[in-house]
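Trainee: I am attaching a structure below and will ask some questions about it afterwards.
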Amino acid sequence: MRPSIKEILLMNPDTDTRTVYGWVRTKRDSKNVCFFELSDGSCLKNLQVIVDKEKYNPDDILAKLTTGAGVEVDGLLVESPGANQSVELQASEIRILGEAPAESYPLQKKRHSFEFLRDIAHLRPRTNALGAVTRVRSTASFAVHRFFQDRGFYYIHTPIISASDCEGAGEMFQVTTMDLNNIPKTGGSVDYTHDFFGKSAALTVSGQLEAEIYALSHSNVYTFGPTFRAENSNTARHLAEFWMIEPEMAFCSLDGNMDTAEDFIKYVIGYILEHCAEDMELFNKFIEKGIVDSLASVVNSEFHRVTYTDAMKELEKNKAKFEFEPSWGVDLQSEHEKYLTEQVFKGPVIVTDYPKDIKAFYMKMNDDGKTVRAMDVLVPRLGEIIGGSQREDSLEKLTARINDMGLEEKDYWWYLDLRRYGSVPHSGFGLGFERLIQYMTGMQNIRDVIPFPRTVHNAEF
RNA sequence: UCCCCUGUAGCUCAGCUGGUAGAGCGGGUGACUGUUAAUCACUAGGUCGGCAGUUCAAGUCUGUCCGGGGGAGCCA
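Structure, rendered in structure tokens:
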């Protein structure tokens, strides 16, 4: 394979002519010499190409070397007298592969707002910041798999289309092949026996319940895939389609769950700091000043752990500061999460043992009968990045919870079977991949850390 | 879904209590000792988000619809 620009920039000067491919990022032209920079997406830095017009002066080609043009350049890699690079390419021949007329090409050699770039999502990966996000996201994906694979977790492909009626983690996108202009009905309601699956189906909102199936056969498993929520939420932290990581571990209590969550976050951050140092420097300089040091200290310090009850006591000491009054039984508001992570603990915090009434039916009941073995990992700037729990493994207690919450026992028949046969303590959590990327890069809007964001009223590209 | 802000040149914005549009960057043209967001000179770009209304007169005021941003809720 031909070397990438990333590799070429690390090379020593050549003695033979080589051919380099890339897109023009910027050009600086003067009477005797023309400089332009090439990017092929392999790294943040560009390869500087120099045209010595006394030796080679293709006027018509230089005119077409505009920002965005795709080119092929023959030349000699030489030591660069300039300050910003150790080598540069002395061009002997340039071929334009694809022009990018400057009058109409939307990207200019200047900074653009992320709002503007969202409207041209097909071109934005060519910019420095979105290019860096792309590399960090890819590297982080690899780190996710590596963390779990190194620890013997099996990667489970849970279904994208879910016909089970029991996920209950938010509004779902319905999936149907029925003609919406002519829906078969019995009485007043839709007759799903005529639909593709013979019953109603939807895009998954979580792979957790299916992951539990495999945790109870393979001990340690994880999922990492797309997840869909049809919530009408309009914030910088929510997407209708996002990627979620959900480990599920058998013979594991809430403490083990917290340990895994903490190790996981630290591992991925450490991996990115090591392998994406150049890109992280861009975020450190232009997106979130000081983020590299702050992430490094996260890797090197313990996450604080506090029960919901103790966190509430802490918040109640400072009631006056909040718009929403903190009181036991009420879920933590955004302002409370911010206060805990940014003022009280100054770093990631794991809050545990929430009141049962504000958490899901499957979480294990504590002996007090009031709280459940839940944990949320909260981080500065973002709030909740992980939600998890030890799962209820007692058939009686789980059945009682299902009934208490007005759910249908029969919808959960296979989930209850897991407690009927060989039930063991097990735990797991869900982590929004995009939120992790936001946390690591400092990018303020979640729409800028996923290539093609899907949000309410927006599915362009 | 609720609250607040916002929509003016390709981009980022200015435009006062109403009197028919400006800057920087980008583009084009030219100049220029190897430049690094190069520099310098000249130059062309606008149905002021859509529709309706008030007024002699609307970028400016009002209503409404549609974008965009921030916050809240829901959560990951």
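For the first sequence, the positions run 116 to 576 when the numbering used here is used. Glycine is no exception: its CB is placed at the ideal position from the N, C-alpha and C atoms. Note that the structure is a prediction, hence the values are computed from the model and not measured.
Can you tell me which of the three DSSP states arginine 142 falls into?
Mentor: Position check: residue 142 holds lysine in this sequence, whereas arginine was assumed. Note: lysine 142 maps to strand in three-state DSSP.
Trainee: Which residues in the same chain have their Cβ closer than 6 Å to the Cβ of leucine 590, if we skip the five residues on either side of it in sequence?
Mentor: With the chain covering 116 to 576 only, the question about residue 590 has no answer from this structure.
Trainee: Between the alpha carbons of serine 348 and leucine 232, how many angstroms are there, rounded?
Mentor: Approximately 22 Å, taken between the alpha carbons.
Trainee: Is the closest heavy atom of the ligand MN to the C-beta of isoleucine 465 under 8 Å?
Mentor: Of ligands this structure carries none, so the ligand MN is not represented either.
Trainee: In its own chain, which residues sit with a C-beta less than 8 Å from the C-beta of threonine 254, not counting the 5 before and 5 after it?
Mentor: The residues are Tyr386, Ile387, His390, Cys391.
Trainee: Which stretch, first to last residue, makes up the beta strand (DSSP E) that contains glutamate 152?
Mentor: Start and end: 148 to 154.
Trainee: Once the 5 residues before and after valine 193 are set aside, which same chain residues still bring their CB inside 6 Å of it?
Mentor: Excluding residues within five positions, the ones whose Cβ falls inside 6 Å are Pro128, Gln205.
Trainee: Could you check where the alpha helix (DSSP H) with valine 259 kicks off and where it finishes?
Mentor: From DSSP, the alpha helix (DSSP H) with valine 259 extends over 243 to 265.
Trainee: Leaving out five residues before and five after leucine 397 in sequence, what residues of the same chain have Cβ atoms less than 7 Å from its Cβ?
Mentor: Result list for leucine 397: Leu159, Asn243, Ala244, Ala247, in chain order.
Trainee: With a Cβ-Cβ cutoff of 9 Å, do glutamate 152 and valine 135 count as a contact?
Mentor: No, the Cβ-Cβ distance between glutamate 152 and valine 135 is not below 9 Å.
Trainee: Buried or exposed: alanine 316, going by 16 or more other Cβ atoms within 10 Å of its Cβ?
Mentor: Buried is the call here.
Trainee: Within the chosen definition, does the stretch 354 to 365 reach the stretch 222 to 242 through at least 3 CB pairs nearer than 8 Å?
Mentor: No, they do not touch.
Trainee: Starting from glutamate 187 and walking both ways along the beta strand (DSSP E), at which residues does that stretch end?
Mentor: Its beta strand (DSSP E) spans residues 185 to 194.
Trainee: Inspect the beta-carbon positions of glycine 545 and isoleucine 501 and report whether they are closer than 9 Å.
Mentor: In contact: glycine 545 and isoleucine 501 (Cβ atoms closer than 9 Å).
Trainee: Could you have a look at valine 536 and say whether DSSP puts it in helix, strand or coil?
Mentor: Strictly speaking, residue 536 in this sequence is tyrosine, with valine absent from that position. Correct three-state label for tyrosine 536: coil.
Trainee: Comparing C-alpha positions only, which one of Ser219, Ile360, Thr308 sits nearest to phenylalanine 262?
Mentor: Answer by Cα proximity: Ile360.
Trainee: Is leucine 497 helix, strand or coil by DSSP?
Mentor: The answer is coil: DSSP assigns leucine 497 none of H, G, I, E or B.
Trainee: Just to check my reading of the structure: glutamine 505 and leucine 369 have Cβ atoms closer than 8 Å, yes? What is that Cβ distance to the nearest angstrom?
Mentor: Contact flag correct, Cβ pair sits at about 4 Å.
Trainee: Under a Cβ-count criterion, where at least 16 other Cβ atoms within 10 Å of its own Cβ denotes burial, should glycine 444 be classed as buried or exposed?
Mentor: Its Cβ having fewer than 16 others within 10 Å, glycine 444 is exposed.
Trainee: State the CB to CB distance for the pair tyrosine 220 and glycine 185, rounded to an integer number of angstroms; the pair is presumed to be in contact (CB under 8 Å).
Mentor: Incorrect: roughly 12 Å between the Cβ atoms, too far for contact.
Trainee: Reducing DSSP to helix, strand and coil, say where methionine 395 ends up.
Mentor: If DSSP states are grouped into helix, strand and coil, methionine 395 belongs with the helices.
Trainee: Pop quiz: serine 201 and serine 207 are said to be a contact at Cβ under 8 Å. What is the actual Cβ separation, rounded to whole angstroms?
Mentor: That pair is no contact at about 20 Å.
Trainee: For arginine 117, count neighbouring Cβ atoms within 10 angstroms of its own Cβ and tell me buried if that reaches 16, exposed if not.
Mentor: The residue is exposed, with fewer than 16 neighbouring Cβ atoms inside 10 Å.
Trainee: Quick check: the Cα distance between leucine 331 and lysine 479, rounded to an integer number of angstroms?
Mentor: Approximately 16 Å between the Cα atoms of the pair.
Trainee: Taking the C-alpha atoms as reference points, what is the distance between glycine 156 and glutamine 559?
Mentor: So the alpha carbons of these two residues sit roughly 23 Å apart.
Trainee: What are the complete alpha helix (DSSP H) segments, minimum 4 residues, inside the stretch 370 to 416?
Mentor: Fully enclosed alpha helix (DSSP H) runs of 4 or longer: 392 to 397, 406 to 414.
Trainee: When you compare only the Cα positions, how much space is there between histidine 333 and aspartate 265?
Mentor: The straight-line gap from Cα to Cα measures roughly 15 Å.
Trainee: Taking 9 Å as the cut-off, decide whether the C-beta atoms of threonine 456 and arginine 420 are in contact.
Mentor: The answer is no: Cβ separation not under 9 Å.
Trainee: Which residues does DSSP list as the beta-bridge partners of glutamine 289?
Mentor: Its beta-bridge partners are Ala317.
Trainee: For serine 277, does the three-state DSSP call read helix, strand or coil?
Mentor: Strand, per DSSP.
Trainee: What number of angstroms, rounded off, separates the C-alpha of lysine 400 from the C-alpha of arginine 496?
Mentor: When rounded, the distance between both Cα atoms is 17 Å.
Trainee: I need the straight-line Cα distance from histidine 237 to valine 564, nearest angstrom please.
Mentor: Each residue's Cα considered, the two are about 14 Å apart.
Trainee: By how many angstroms is the C-alpha of tyrosine 554 removed from the C-alpha of aspartate 378?
Mentor: Roughly 16 Å between the two C-alpha positions.
Trainee: Contact defined as beta carbons within less than 8 Å: I believe valine 320 pairs with phenylalanine 343. What is the distance between those atoms, to the nearest angstrom?
Mentor: That belief holds up - the Cβ atoms of valine 320 and phenylalanine 343 are roughly 6 Å apart, short of 8 Å.
Trainee: Return the first residue and the last residue of the beta strand (DSSP E) that arginine 420 is part of.
Mentor: Unbroken beta strand (DSSP E) run through arginine 420: 419 to 422.
Trainee: Among the candidates Ser538, Arg488, Ala365, Thr556, whose CA atom is the shortest distance from the CA of glutamate 403?
Mentor: Nearest C-alpha to glutamate 403: Thr556.
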